[in-house]
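Read through the structure below, which is laid out as structure tokens, and then see the notes.
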Amino acid sequence: MVDDQMILPDVLARFHRWLSQQCLIDAESGDRVSNSWTFVTCGDWDLGTILPQEASFRGLHLPPYFGSWINLKKAYRNTKGYFPNSLMVMLNDLQIPHTVSAYCFVLHIAHCKKGQLMRHIIL
């Protein structure tokens, strides 16, 4: 737990409300309204391991939208032929300077010309 921060059940509820307000999910079922969005991760650990474990430990039900995501490392492997060890390996290979925090990288490339990573890997 991080001092003076929201607890996981509150964070998940707030995120669920936000997704519903954006018309991305059905508020009651948690089902996606469309397939126009997904989570993008650099590995499966966050959504595939730790979030389900933490939810189970706390007796929380995770909505179905947490069950799928794009793992950049796997997409990269499918395109480039080898599995990268890290985000830095992908950036270096694609000659994209590391200019932002790794945690902000996906948001950053969506809004700038350096979006070549997504074009090379995802498309």
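So in the working numbering, spot 3 of the sequence shown is number 135, and the numbers just go up one at a time. For each residue, glycine too, the CB sits at the ideal point set by N, CA and C. Note that the structure is a prediction, hence the values are computed from the model and not measured.
How many Å lie between D142 and C174 at the Cα?
Position 10 of the sequence shown holds residue 142. Position 42 of the sequence shown holds residue 174. Near 25 Å, if we compare the C-alpha coordinates of C174 and D142.
If I'm right that P216 touches K205 with Cβ under 8 Å, what's the distance once you round it to whole angstroms?
The count along the sequence shown starts at 1 and reaches residue 216 at position 84. The count along the sequence shown starts at 1 and reaches residue 205 at position 73. So it is a contact: roughly 6 Å between Cβ atoms.
To the nearest angstrom, how far is it from the Cα of C155 to the Cα of F171?
For the purposes of this step, residue 155 is taken as residue 23 along the sequence shown, with counting starting at 1. For the purposes of this step, residue 171 is taken as residue 39 along the sequence shown, with counting starting at 1. The alpha-carbon atoms of C155 and F171 are separated by roughly 16 Å.
May I have a chain-ordered list of the beta strand (DSSP E) segments no shorter than 3 residues that lie completely inside the segment 155-195?
List check, beta strand (DSSP E) in window: 171-173.
Under DSSP, the alpha helix (DSSP H) around N203 begins and ends at which residues?
In the sequence shown, counting from the first residue as 1, residue 203 sits at position 71. That residue, N203, is in no alpha helix (DSSP H); its beta strand (DSSP E) goes 201-203.
Within 10 Å of its beta-carbon, does Y214 have 16 or more other beta-carbons around it, so buried, or fewer, so exposed?
Start at 1 with the first residue of the sequence shown, and residue 214 comes out as number 82. Flag for Y214 reads exposed.
I need the DSSP call for Y214, collapsed to helix, strand or coil.
Translated into the one-based positions of the sequence shown, residue 214 becomes position 82. Three-state result, Y214: coil.
State buried or exposed for I139, treating a residue as buried only when at least 16 other CB atoms are found within 10 Å of its CB.
Walking along the sequence shown from the start, residue 139 turns up at place 7. Burial call: exposed.
Leaving out five residues on either side along the sequence, give the residues of the same chain with a beta carbon under 8 Å from the beta carbon of R190.
Position 58 of the sequence shown, counted from the first residue, corresponds to residue 190. Counting only Cβ-Cβ distances below 8 Å, and skipping sequence neighbours, we find L140, P141.
Please list, in chain order, all residues of the same chain as V165 whose beta carbon is under 8 Å from its beta carbon, the five residues on each side excluded.
Taking the sequence shown and counting its residues from 1, the one referred to as residue 165 is at position 33. The beta carbon of V165 is closer than 8 Å to those of C155, L156, I157, D158 in its chain, skipping five residues each way along the sequence.
Which of the three DSSP states is assigned to H230 in this structure?
As a first step, residue 230 is located in the sequence shown; it is residue number 98 there, counting from the start. Correct three-state label for H230: coil.
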